[in-house]
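2 protein chains.
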Amino acid sequence: NVPLATVERVAKYLRCLNRLREKGIKVVSSKELAEHTRTSPEQVRKDLSYFGRFGKTGTGYDTQKLSRKLERILKAQRKWNVCIIGAGSLGSALARYQGFKDTGYNVVALFDSDPEKIGEKMGQAEVYDIENFKDVVKKKDIKMAILAVPKESIEEIEELLSKANNIRGILNFVPVTIKLKTRRKVAIIDVDLAQKLYILSYLIKRGREM
Amino acid sequence: NVPLATVERVAKYLRCLNRLREKGIKVVSSKELAEHTRTSPEQVRKDLSYFGRFGKTGTGYDTQKLSRKLERILKAQRKWNVCIIGAGSLGSALARYQGFKDTGYNVVALFDSDPEKIGEKMGQAEVYDIENFKDVVKKKDIKMAILAVPKESIEEIEELLSKANNIRGILNFVPVTIKLKTRRKVAIIDVDLAQKLYILSYLIKRGREM
Ligand SMILES: NC(=O)c1ccc[n+]([C@@H]2O[C@H](COP(=O)([O-])OP(=O)(O)OC[C@H]3O[C@@H](n4cnc5c(N)ncnc54)[C@H](O)[C@@H]3O)[C@@H](O)[C@H]2O)c1
Ligand SMILES: NC(=O)c1ccc[n+]([C@@H]2O[C@H](COP(=O)([O-])OP(=O)(O)OC[C@H]3O[C@@H](n4cnc5c(N)ncnc54)[C@H](O)[C@@H]3O)[C@@H](O)[C@H]2O)c1
């Protein structure tokens, strides 16, 4: 089993390779990949070695071939339909983020309980009534949900997600530990940006470049 | 030297302890802490052991004592003044996030180049003209900057940050690798939420609970 920290770095390498390919860069060394992802060349080679041998030309990796391999490892070669629950200031900012689309994750719907927001368009998607969550998720084959509702509403949303069999993964921005009442396996990642500031103050005091 | 992945988890444990203390919970076991942070009790004990011995009563850790210790490790016991550069949809959503204030990071200013936004109040802070960046950063003793400008504006911002000696840490949301031209050590953390979706699809396909 691959450690999660390695998977996180592989995701970073892939995002970086996407950007290099956009600029027409055909080859990248482990040193360059390390600089862009603020890791070390040894770490890059160690992480990639989990997944077998990667063809390295004299001066580095073929960016096209390496991205294809990393996409297969992360199961990212298919397109995923994603929804955002909570079309408030965070939800609407995420709906407009081009980075999701660039990586094959299409935000196809937002959900909200506020009548003023229902029917609005944000980014490429429309805001639907949370009452129609189950129907819309099925119709649009939505497999991932991003949570951006206030803390107070989390229990209702946990209820909905427990019953929506289509949803297989959750990116949670609400600062609580969510628990679903369901037997199906659902991957959950919590994001807390305040945590990043804790890490930043640690790095500042250590005088380290991260 | 403590591995970065350990520092990231310690930040997660501290955010979780903050929430438990808010609910008046006085003791927590490594099992409960692991459940809340989606790690394992062994991982919790291993991470904490980097930093010395932690008093464990028969049933677990004292939440107050443990938070104090982790705050000291992360150098989070002092208050930090933070600014956000780019008061658009992401910047304004972050300015309103209560989580920063709860952890002792005060967003005291936003900066923007759009005259329509300058002078507005977002969260607890006002939007200043980016032209006055250096003066405001000095006057308000701002040590950290969160970047939320479009890709196209990043070079101007790198210029500004290179010259602003007060700034010691950067939380970067712009999907590029930022490089500062300065000798002083500046800690930089890149955040790319699209990367989180890559990890989510990996976990879904592995059928793992994360
Ligand atoms: N993790 C982070 O770093 C981070 C950063 C910013 C915000 N947040 C969190 O994200 C959440 C949203 O923050 P925000 O600033 O966008 O808040 P907001 O109030 O602007 O938006 C919340 C939206 O959720 C909708 N809503 C409320 N109850 C609902 C329900 N039952 N079903 C559907 N929609 C519902 C509201 O109508 C509103 O549009 C909060 O929990 C906040 O703490 C987290
Ligand atoms: N990393 C992530 O996961 C993530 C998620 C969402 C958005 N983003 C990124 O965050 C950035 C902001 O996104 P957004 O949706 O808020 O965009 P936006 O257009 O809504 O906001 C950008 C703001 O920056 C201001 N600005 C432009 N040039 C400036 C300059 N030179 N100095 C000061 N202010 C300037 C604009 O006036 C505007 O208010 C983008 O780069 C986007 O790619 C990243």
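Respectively, the protein sequence lines represent chains A and B.
Taking my numbering, the leading residue of the first sequence gets -9, the next gets one more, and so forth.
Taking my numbering, the leading residue of the second sequence gets -9, the next gets one more, and so forth.
For glycine and all other residues, C-beta sits at the position ideal for the given N, C-alpha and C.
So is Asp37(A) in contact with chain B if we call contact Cβ pairs under 7 Å?
Asp37(A) does not count as touching chain B.
At a threshold of 6 Å, does Leu190(A) count as lining ligand 2 (C-beta to nearest heavy atom)?
The answer is no for Leu190(A).
Tell me whether Val72(B) sits in a helix, a strand or coil according to DSSP, three-state version.
The DSSP-derived three-state label of Val72(B) is strand.
So which residues of chain B does Tyr188(A) contact, with C-beta pairs closer than 7 Å?
Ala1, Leu4, Leu64, Ala66 and Thr93, listed in chain order.
Would you kindly work out how many angstroms separate the C-alpha atoms of Val0(A) and Asp182(A), rounded to a whole number?
The C-alpha of Asp182(A) is placed about 21 Å away from the C-alpha of Val0(A).
Nonlocal neighbours in the same chain, by C-beta distance under 6 Å from Cys73(A), ignoring five residues either side
These residues qualify, in order along the chain: Ala99, Ile132 and Ala135.
Quick check: what's the CA-CA separation for Glu110(B) versus Arg43(B)?
Linking Glu110(B) to Arg43(B) through their CA atoms gives a straight-line distance of about 49 Å.
Chain A partners of Asp182(B), CB-CB under 7 Å?
Per Cβ cutoff of 7 Å: Arg5 and Gly89.
Boundaries of the alpha helix (DSSP H) in which Val164(B) is found, first to last residue
Following the DSSP letters along the chain, one finds Val164(B) in no alpha helix (DSSP H), marked with neither H nor E.
Does Leu193(A) have its Cβ less than 7 Å from a Cβ in chain B?
It does: the Cβ of Leu193(A) has a partner Cβ on chain B nearer than 7 Å.
Less than 8 Å between C-beta atoms, sequence neighbours within five positions excluded: which residues of the same chain meet that for Asn8(B)?
In the same chain as Asn8(B), and ignoring 5 residues on each side of it, the C-beta atoms closer than 8 Å to its own belong to Ser57, Asp92 and Thr93, in chain order.
Is there contact between the stretch 146 to 158 of chain A and the stretch 161 to 170 of chain B, where contact requires at least three CB pairs shorter than 8 Å?
Touching, no.
Nearest-angstrom Cα separation, counted from Asp52(A) out to Leu60(B)
Each residue's CA atom was taken as its position, placing Leu60(B) and Asp52(A) some 43 Å apart.
Using DSSP with H/G/I as helix, E/B as strand and the rest coil, what is Ile136(A)?
It is a strand residue.
Residues of chain A with a CB under 7 Å from the CB of Glu(-2)(B): which are they?
Result: Ile189.
Can you give me the Cβ contacts of Val126(A) inside the same chain, cut-off strictly under 7 Å, excluding the 5 residues immediately before and after it?
For Val126(A), where only same-chain residues beyond five positions count, the Cβ hits under 7 Å are Ala99 and Tyr118.
Tell me which residues share the same chain as Ala85(B) and place their Cβ nearer than 7 Å to its Cβ, disregarding the 5 neighbours each side in the sequence.
Excluding sequence neighbours, Ala85(B) sits near Ile74, Val97, Leu100, Met112, Gly113 and Ala115.
Taking its Cβ as the centre, do 16 or more other Cβ atoms sit within 10 Å of Tyr40(B), making it buried, or is it exposed?
Flag for Tyr40(B) reads exposed.
What does the Cβ neighbour count give for Asp104(B), buried or exposed, with the cut at 16 atoms within 10 Å?
Flag for Asp104(B) reads exposed.
Roughly how many angstroms separate the alpha carbons of Gln33(A) and Ile179(B), rounded to a whole number?
Straight-line measurement puts the Cα of Ile179(B) at about 17 Å from the Cα of Gln33(A).
Return the residue from the list Gln185(B), Glu142(B) and Val176(B) that minimises the CA-CA distance to Ile194(A).
A check of alpha carbon separations from Ile194(A) across Gln185(B), Glu142(B) and Val176(B) identifies Val176(B) as the nearest.
Which residue from Ser20(A), Asn71(A) and Leu38(A) puts its Cα closest to that of Pro31(A)?
Ranking the options by Cα distance to Pro31(A), first place goes to Ser20(A).
Is Ile201(A) close to chain B, meaning its C-beta is less than 7 Å from at least one C-beta of that chain?
Chain A is shown from -9 up to 200; residue 201(A) falls before or after that span and cannot be answered.
Within-7 Å CB hit, Ile179(B) to chain A:
Yes, Ile179(B) lies at the interface with chain A (some Cβ there is under 7 Å from its Cβ).
Proximity of Ala184(B) and Phe90(A) at Cβ, strictly below 7 Å:
Yes, these two residues count as a Cβ contact at 7 Å.
Cross-chain neighbours of Gln185(B) in chain A, by beta carbon under 7 Å:
Ala1, Lys2 and Arg5, listed in chain order.
Say whether chain B places a C-beta atom closer than 7 Å to the C-beta of Gly197(A).
Yes, Gly197(A) counts as interfacial toward chain B.
From what residue to what residue does the alpha helix (DSSP H) around Val(-3)(A) run?
Under the DSSP assignment, Val(-3)(A) falls in the alpha helix (DSSP H) whose first and last residues are Leu(-6) to Glu12.
Where does Gly50(A) sit, in a helix, a strand or coil, going by DSSP?
Here Gly50(A) sits in strand by DSSP.
Measuring straight from C-alpha to C-alpha, what distance separates Arg196(B) and Val(-8)(A)?
One Cα belongs to Arg196(B), the other to Val(-8)(A), and the distance between them is close to 11 Å.
In chain A, which residues lie less than 9 Å from Thr167(B) when you measure between Cβ atoms?
Within chain A, Cys6, Arg9, Glu25, His26, Thr27 and Arg28 have C-beta atoms less than 9 Å from the C-beta of Thr167(B), given in sequence order.
Does the Cβ of Ala138(A) lie closer than 6 Å to at least one heavy atom of ligand 1?
Checking every heavy atom of ligand 1 against the Cβ of Ala138(A), one is found closer than 6 Å.
Could you check the C-alpha separation between Lys169(B) and Lys124(B) for me, to the nearest Å?
Approximately 19 Å, taken between the alpha carbons.
Answer yes or no: do Tyr192(A) and Lys65(B) have a C-beta to C-beta separation smaller than 7 Å?
Yes. Within cutoff.
Examine chain A for any beta-carbon lying closer than 7 Å to the beta-carbon of Ala(-5)(B), and answer yes or no.
Residue contact with chain A for Ala(-5)(B): present (Cβ-Cβ distance below 7 Å to some residue of chain A).
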